[in-house]
Every structure is written in structure tokens, then in C-alpha cells.
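Be aware that the sequence shown starts at 38, since it is given in my numbering, and climbs by one per residue. All C-beta atoms, glycine included, are put in the ideal place defined by N, C-alpha and C. A short write-up of the structure that comes next.
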Amino acid sequence: MKVVNLKQAILQAWKERWSDYQWAINMKKFFPKGATWDILNLAEALLEQAMIGPSPNPLILSYLKYAISSQMVSYSSVLTAISKFDDFSRDLCVQALLDIMDMFCDRLSCHGKAEECIGLCRALLSALHWLLRCTAASAERLQEGLEAGTPAAGEKQLAMCLQRLEKTLGSTKNRALLHIAKLEEASLHTSQGLGQGGTRANQPTASWTAIEHSLLKLGEILANLSNPQLRSQAEQCGTLIRSIPTMLSVHSEQPNKTGFPTVHALVLLEGTMNLTGETQPLVEQLMMVKRMQHIPTPLFVLEIWKACLVGLIESPEGTEELKWTAFTFLKIPQVLVKLKKYSHGDKDFTEDVNCAFEFLLKLTPLLDKADQRCKYELPCTRRGSVLSSPTALPARYASKDCLTVRPLGRSRRQQPPSCQMPEPHSPLPSLWRSKRSLSWGREDPGLGPLLLPLRNPCSGPSPLIIFLPHSCDFTDFLLQECRKQGLLSEASVNNLMTKRAADREHAPQQKSGENANIQPNPGLILRAEPTVTNILKCSSGLDFLSCPQTMDADHSKSPEGLLGVLGHMLSGKSLDLLLAAAAATGKLKSFARKFINLNEFTTHGSEESTKSASVRALLFDISFLMLCHVAQTYGSEVILSESSAGAEVPFFETWIQTCMPEEGKILNPDHPCFRPDSTKVESLVALLNNSSEMKLVQMNWHEACLSISAAILEILNAWENGVLAFESIQKITDNIKGKVCSLAVCAVAWLVAHVRMLGLDEREKSLQMIRQLAGPLYSENTLQFYNERVVIMSSILEHMCADVLQQTATQIKFPSTGMDTMPYWNLLPPKRPIKEVLTDIFAKVLEKGWVDSRSIHIFDTLLHMGGVYWFCNNLIKELLKETRKEHTLRAVELLYSIFYLDMQQVTLVLLGHILPGLLTDSSKWHSLMDPPGTALAKLAVWCALSSYSSHKGQASSHQKKRHREDIEDYISLFPLDDMQPSKLMRLLSSNEEDANILSSPADRSMSSSLSASQLHTVNMRDPLNRVLANLFLLISSILGSRTAGPHTQFVQWFMEECVDCLEQGSRGSILQFMPFTTVSELVKVSAMSSPKVVLAITDLSLPLGRQVAAKAIAAL
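Rendered as C-alpha cells:
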């Protein structure tokens, strides 16, 4: 029916003065069923007729009010009609429209189709724009009235406008609808030419930009008004409007909690097991934890430093302590620099770091313990007087030539009589001077603080170690490093140092006998870091300290000088210091690559003299031993290069992949790599058996290393058959290790693989040969740096033999280096079931409230032994046993950090096996009750979010090593074709009818299983995506089923935690796998019937997601 007839009907009603209900009855007679009143634009026609004169027609307005009350017209059509009125000079008309809005502006609803709900969102946005324009016009009239002396009328209308604004915006539901309208309007601009665009264009919708401009204009006008109440009201409305785009990103923090075990354990795990890892994954993991647990930044930074302190204090002496020192002083400041970028501003983050240090200074016992742990020898003069610091040196001692030095490894009493140390008042002899090495932290100190090679005329090649200044002030080093990285201002550093200095005066003094060994300290690590850079640039010249060449240059030009430097690097802690610094700064791979190139260069020799042959042999041996040490300490991943087609693989890479025993790697002693050319083997056997001294000239060392395994087999067979006596074996083993220690390493590597394949009664001679190769040398050695090479060889052999010696219950005494080279080896108690060990260690950790480094290694060993499913399932059982809320929350935080040992695989097991098992088995529902059920829901969400955010990136190095034989094939468990239900869904499909379909079954876009992930074309062949999709199908099935119980409550907790952990604009989160139809089921749960919850659980970047959200919110 035409609109003109609608107008005639309205005019007839007015002429005959029909009452409102008479009008409604007659209108239904005039217009039979078919087209709705909204299509006929009834609300717009009534308003048009009512607003013809200077004042509104009360009878026609009563018709409109009746139509609104009886739901003849929708709220969206009324709001759209009101927003078209723009003659704000007619006060009575404006007031009448405001009265109409007052009828329903705080209780908008729509129970129609999804498109009608989106129409309500657009209409509300237009009405908000109209209200702002009306308020601005009223404020202008009030201002004009004040100037003319008649303010009453304008003030009344302005108050009415502000009241309607406040009432409209005070509803969270309305703000949620406006949020959807804003996103819809933004999408309209970016989707030109789509089919929906034409229908939207017919409905005038205000843009968000226009609303912001109107808000600014209103603020400028009201700033000149003297009425504080009206100004305050307008400011509150402005604040509410500005909060609409970010209404999902507001989370309350937890200022009442000071300990965060997850952050603590995550930092400990990284420092203990993944020093070589990149900083970005750690930063993202920490930010994920910070966001999910709503941790304030100062307490977050404080927890990181506390974890570093604890890790450093409890670390075993030796390499582990060095690694922790490098992690604390080199890697964590870089992590904080990256965390700074996530902060809202540099100044805010700097203040937060300063606040964290203020809190840290209150932990005086912890800092005192760290100072004691980092203590090292004080500098002393010739007569032993102690100098407290470089600044305490008298002027004549303060020059770079006046510091007392001594050869490494010799005390002052062991100096030969002919070697007189210089008096403190005399400068060092010119031969001992090193301009770069004796500078106190000046520009680029180089390797000097560590060693002074080739400078001591008295003790030959022994390096000289400088006595560094006073005992360690942990806080001082930390503050200075933070200042260098721009994390603290100079004033803050000085203030904090002053406070710490005052506390240190009362610190307990360490007894002289306590901790007598020189401890690795932050100063050495901080000086080693630029040294690593120098080595990468200058490690092929005559000297690390002064060479202009790089290691990529021709090695043949300066082999003697290079040998001297490499030999000194093996001494003391120099190598471990450099490796720790390189690992913490991400340079270890480049560092190792230089030595692989050097090792490859020294494998061949041609037309060389005896001297050059011995130098080449030593370069090969030292580089080989260094690389083995790196691989055992930091993992073979840092050694191996990216494979490229056609490129020749270096010898050492080939050897380490096929021949070197590692944890979790089983070698085949009959592998072709252990069976080289027989002629080479025969010549090597003859050389080892007959020569009194092994020849070095023109020896191809890589061939010797590959042939030694077959040679050892021949020798073993000869020994077992009585051809060779024990004395001959002793001479052969002395020949193997007497010149080049790498031959002994290769021999033991094969012997370890060989012993594994032998029976109990066949192992004796093989183990005896390992004992001979690992024992002291019975003949004299003639090559340089032999003692240093033996030390590192012993450490390598001990690591290689650890597994096989434990399995065969054999003991071999390796030369002691003064400290435990394998501090975390063999931690599990013997003859105890591993399940008991797991429950005991978890109970201890739960009682303490935090995870220590030793516990992390035990958990890692148990995970490796029992498999992911066993490990995860038993720990979840322990969680579900807890009955006190505070214990369950602590257990969740600890378990979440423990699961980072292999988060990806644990999440697959938890979400794909354990949770479905609990949710589908009614006999287990009782275990899901509060508080353990709430805790499990929280843990599941945290694991899912963490895995999904990082599963596209690289796995951590400590995760790559683990074999995955206990994980089922997720593609067969959850089939790809969603028309064929998975095993899980076939198990759950108890409903005969599908009540979740919002529209006709033919409409594929709203089918019961459609989710945002399908519209985003997420790869469903990925196991994690598949598991998440099936978990949300299970959740949807539970919500739609007729049975309620603890499992239904668990689903609610799970979804609440998802909402709580989300951040603004989180497209691509785990909730994208939730079917759209789940939203309508969730809002039926009282705890989830909130507009913010609906906005959080739907993907608002999709048109279908916005429609689903609008429909659910409008129906609340």
C-alpha cells in the first residue's frame, strides 16, 4: 500500500479524533496482513504529521506512543525517524521527541532477525549523533539567552538533553550496541561494492567521526558555561562515549598480591634450560602471563628480578653459575627493553622499573646473599695490601700500567724464583703492557679483563689474570646495565645506589674461609660480552687484542698466533665466560660457526713442516674440543647450520649428527659412518700400534676421526682373542690421546654406542678401554696446551659416558676440575616408581609456592621418561585432589609454568584427551566441582591461549629434543571433513534434533558448526586448531543438551576465563573456533548474560560475528 494512503489514514484519525486504541484497531483493518509497519515507515509518517507546526500534535503523538508500547513499530524505526528531525529551534517539538526517547532509551530490545538487530545498532548510533547535535544547539541557545538575560528556557532544554544522553549511555547494553554499530560503520567504508552496501546506504547512519566532532564542539560550548552541574554531566557523557571503542580492554589489576609463581618459574625455566633462545618468544610468553593474570607492571618487573636472583644464588658452581650470570646481566635487560615497547610510554615504563627496584631494595637478605654468591678476589699489591676499588688506587697506581697481575693457575708462592713480580710503585715491564687489556671499563675493553696472552716472559704461554676490583655489588652492576639500556634515568640510578650502599654497611661479612674459590661475577660477564664481538671480528689474526683481520680471512697466514689465543681460551673459565656471554646475547651460533670453519680448514695438510703440522693438529684439536663442549653445554642446534641444497656439509657437523652420543639419541655402532675405507683403517691401526710417537705431517684429521671407530673395533677383537696384551692396549690408548685429544673423543663416542649393544658379560674390555682413554697419560706429551685440552676432554667424555655408565653400573673416575660438570645429572631417586617421584616433587613445590631449578630438571626428566600424556594426566589428577581455593589457584600457576617444558604437546593432550574424557564421563563429573573445576578451567584456557599464540613460531631448543611417540594422530582422531562427525562428536550426539540452528537448514552460513575460524580459513590440518575446534563443538553440545551438572558449570567457568583473558581487538584468538550458535546458548546462562561477555566471545571483525553479537545483546 502506498505511503500517501498511510498519511490519509493518519489524517482521518486526527479529523475524527480517534482514541489511540481505536486508531490501532482501525489501522489494522485498513492495512491487512502482509507488509510490516516498519516497511510502511509508520513511525516516520506519524512523526512527520505530528511535527508540522511550531508545536507537536498531541493526538498524533499519542498514536506514536501507543504504537511503541504495543510494539507495532520497532525501536530502530522510531530512533531513525527522530534522528531525521533537525529543526532544533522548535523547542516544544524537540522536548516532545526527548520525551518519546525517554520511554525506551534505557531498555532497547529486538527479537527479530539478525539483520534487524544490526539495524537497531545503526539507529542507536544515529540517535546518539542527534542527541549530541541537539545538546550542542541547546547549549548555544542557553549561551545566547544568558547574554540576553533569559536563560530559563535554554537551561531546561539542555538539562533534558543531558539527562537523555546520560540515560542512554548509562546502559552497558546500549554501549555494546554502539560498539557494534561503530565496527559495522567502519566495515561499510572498507567493503564498497558488496551486496549489503546498497541496503545500508538507504538508512542514514551517522559516522563515528561525526560523533567525535559533535562531542568536541559540545565541549567547547559548555566550557564557557558557568553551571558546574551541567558541565559535569556533559563530561561524564563524553567519557562514556569515548570508552565505547575500548570497552573490552579494561581489566582490573591485582594490587593486593605480591608473588607471581608463574613469572618466577618461567624466568627460571628460561635461565636454566634455554639460555640460547631468542628473546622475543620469552617476551611474548611473559606478556601473555602478565595480561592473563592482570599483573601490575612494577610487580611484574620485580618478579623477574627476584627469579634472576634466586636462580643465580641456587645455581651450582661452574658453568651453570656463569650461564645464570650472563642470563641476568645480559639477556634480561634486553628482554626488558622489548617489554618497554609494549608499554604505553617510555616514561611510564621507566617509572615502573624504578618502582620495581625500590621494592627489590627492601629484599635486603636476598640481595646480600646474591652479593656473597658473586664475590670474587680483591685486587692486591705486591705485598698483599687490599684495594677496595679502582677509584681507591693512588694516582701512581691508577694508570693502566701499574696493576698487579699474575699467571693463571699459579699462586704467588708458586712463582719461580727467577720471575720477580714488579713492585707496586714501578710500572709493568714493557713486554707485559697491554693498552687495551688493562683499561678499567673504558671503550671496548676487549679480552683484557679476562686474559693477557703471550705477554709473560717468565711463565711462557700461561695467560695473566687481572685481580678485578672489590667484592661484587650485585645491585650496582644491575642498575648500571639498566641505565645503559635506557631503562632507568641517571638520577634514579644514583638514588637507588645510595639506598643500597646504606643497607650494605649492615650486611653480614663473609668469613675468609667461606667460599674461598673465585666465583664468576657480573663484571667478568659484562666484559666478556664485548670480547665476544671482538672475537667474531678479529679471531684469525695474530692476537685477539690487536688484530685488524677477521676470522673469515686466510687462516694460513697466522696459525701460530691464532693457536696461542685459542690455547689461552681453554684456560680457566675464559671459554665458559665467552660462551655464556655469546649465548645470552644470541651470538653463540655465529661464534660456533667461526670455529667450524677453522676446524674444516685444519682437516687437510700438504707440503708442511713438522712445526706447521703440529700447529695444524693443535688447531684442529682445540676447535674440535671447543665445539663438542658447546654442543654438550648448549645443545647441538647451535652447531648445525641451515641445510642448503648443493652445499658441502663441514666435517664436524657430519660427525656430531651421526657419531656423537647425546641425551635421547641412540647410535648404531654398525652405521656406515663408523665403517670407512679398510685401507685407511689398517694404516691407522698400524700407526697406533707400532709407532712410538704418532706422526702429524700431512695427516688428514677428519679421516683419522672417522677411521678411529673401526680401528678400535679391530684392536678390541685382537685384545679379546689374546693377540694383544694389556700393555699394548695401554700404549695404543696413550697414542690415541697423547697428541690429539679429539681422537680419544671419537673413539669413546663409538665405544659408548658399542657397549649399549653388548651383553652383560661382553662389556668388560670395552669399558676398560673407555677407562684407559679417560685416564691419565702414562707417557710424556710433547704438544702445547695438553693439560688444558685434557680438562675439556674429560668433561666431554664424562657427558658422553654418563648414560651408559649408569645403565651398566660402572664407575669411571674422570680427572677432577674442582667442580661438578654435570650438576643436574641423575636426580631421580633409585628404585622408586616415577609416579611417586612426580607426586612428591609436585607436593613439595606446591608447599613452597615456587619452582626451583632442581625441580625444573626433575620435572623435565619425568616428562621425558613418562611421556606427555602420563605427565599431564597425573599432574591434573593432583590438581583435582585439592579442595582449598588458595591451594588450587597456586597449583594452577605452578602447573602452567611447569607445562612450559613442552606447552604445545601438553596442550594437545589436555584439550584433546583429558578434558573431553572428564566432560563426557558422568562418573567423573564430581571432580569438576568448585574449587578444583574452576582451577582446571583456568589452566586449560591459559594453556590454550599460550599455545595458540606461539604455535606458529619456533619451538624452544629444550622442546625440540623430545621425541613424540605418545601423541595420537590428531588428523585421524578429528577428521577434517566437518560433514563427517569426529569420534568425539559421535560420542556426544545424544540429541535427536538440533536446536542450535538459527535459520533454515539450507542456510550454510548459520549452520550449527560454523565458526569464525572457517570464515578466516584457518588451517584445520594443524593439530592444535583441530583440537580447539572439537573442544568448542563439545562445549556447544553440552550447552545445548538437556542435562545440567558440574560439567555445565565447568563450561561456564571456561568461557568466563576466556573472556577475562582476552584483550581488545583479539581477532584470531581461541574463541574463533567456537560455533556462532554457541553464543545464543551461552547468554541463557545467568553468569554469561552480559553485553561485554557477548562482545568478547564473538569475532566482531566478521559481519556474521557482528550480527550474532547484535542479536544476542538485543535479546538480553
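When C-beta atoms of the segment 317 to 330 are compared with those of the segment 369 to 382, three or more pairs fall below 8 Å, so the two segments count as touching.
Straight across, the Cα-Cα distance linking Phe1069 with Lys975 is about 15 Å. Taking C-beta separations shorter than 6 Å and ignoring five residues to either side along the sequence, the partners of Leu1139 in its chain run Ala1049, Leu1052, following chain order. In this structure, Leu625 sits away from Ala617, with a CB-CB distance that is not shorter than 7 Å.
Three or more pairs of CB atoms, one per stretch, sit closer than 8 Å, so the segment 961 to 972 contacts the segment 1080 to 1096. With contacts defined by Cβ atoms closer than 7 Å, Arg178 and Ser251 do not form a contacting pair. A residue is called buried once 16 or more other Cβ atoms fall within 10 Å of its Cβ, and Lys1121, having fewer, is exposed. Assignment of beta-bridge partners to Ser890 by DSSP yields no partner. The three-state secondary structure of Ser163, taken from DSSP, is helix. Per DSSP, the beta-bridge partners of Glu699 are Lys702.
Every alpha helix (DSSP H) of 4 residues or more that sits fully in the segment 902 to 960 is shown, in chain order, as 905 to 918, 922 to 935, 940 to 946, 952 to 957. Per DSSP, the beta-bridge partners of Pro1112 are Ser1048.
Taken atom to atom, the span from the alpha-carbon of Ala104 to that of Leu195 is near 28 Å. Between Glu757 and Val722, the C-beta gap is not smaller than 7 Å, which leaves the two residues out of contact.
The C-beta of Asp958 has fewer than 16 other C-beta atoms within 10 Å across all chains shown, which makes the residue exposed.
The beta carbon of Ala972 sits closer than 8 Å to the beta carbons of Leu916, Glu919, Thr925, Leu926, Ala928, Val929 from its chain, once the five residues preceding and following it are set aside; these are given in chain order.
Note that the C-beta distance between Phe632 and Leu612 is not below 7 Å.
The continuous alpha helix (DSSP H) containing Ile278 extends over residues 265 to 280. Using a Cβ-Cβ distance cut-off of 8 Å, the segment 528 to 542 and the segment 325 to 339 are not in contact, since fewer than three pairs of beta carbons, one from each stretch, lie closer than that value. Straight-line measurement puts the Cα of Leu515 at about 47 Å from the Cα of His641. In its chain, beyond the 5 residues on either side, Leu135 have a beta carbon closer than 6 Å to the beta carbon of Met197. For His950, the closest alpha carbon among the candidates Ile893, Val1064, Cys147 is that of Val1064. Closest in alpha carbon position to Asp1136, among Asn211, Cys838, Thr1114, Gln941, is Thr1114. Look at Thr117 here: in three-state DSSP terms it is helix. For the pair Val792 and Ile895, the Cα-to-Cα distance works out to about 27 Å.
Residue environment: Asn772 is assigned as buried (16 or more neighbouring CB atoms within 10 Å of its CB, all protein chains considered). A distance below 8 Å between beta-carbons, with the five flanking residues on each side excluded, links Thr299 to the following residues of its chain, in chain order: Val326, Gln330, Glu930, Leu931, Tyr933, Ser934. Counting C-beta atoms within 10 angstroms of its own C-beta, Ile89 has fewer than 16 neighbours from the protein chains shown and is therefore classed as exposed.
Residue environment: Phe394 is assigned as buried (16 or more neighbouring CB atoms within 10 Å of its CB, all protein chains considered).
Put simply, the backbone Cα of Trp245 is about 24 Å away from that of Ala1152. Residue burial is scored here from C-beta neighbours: His605 has at least 16 other C-beta atoms within 10 angstroms and is therefore classed as buried. Following the DSSP letters along the chain, one finds Asn63 inside the alpha helix (DSSP H) bounded by residues 57 to 67. Its chain contains Leu607, Asp658, Ile659, Leu662, Cys778 as the residues whose beta carbon lies nearer than 8 Å to that of Arg826, once the 5 sequence neighbours on both sides are disregarded; these appear in chain order. Counted as a single uninterrupted DSSP element, the stretch harbouring His543 is not any alpha helix (DSSP H), since DSSP gives it neither H nor E.
Judged by beta-carbon spacing, Ser746 lies within the 7 Å limit of Trp787, meaning their Cβ atoms are closer than that value.
Rounded to the nearest angstrom, the Cβ distance from Val718 to Ala302 is 51 Å, too far for a contact under 8 Å.
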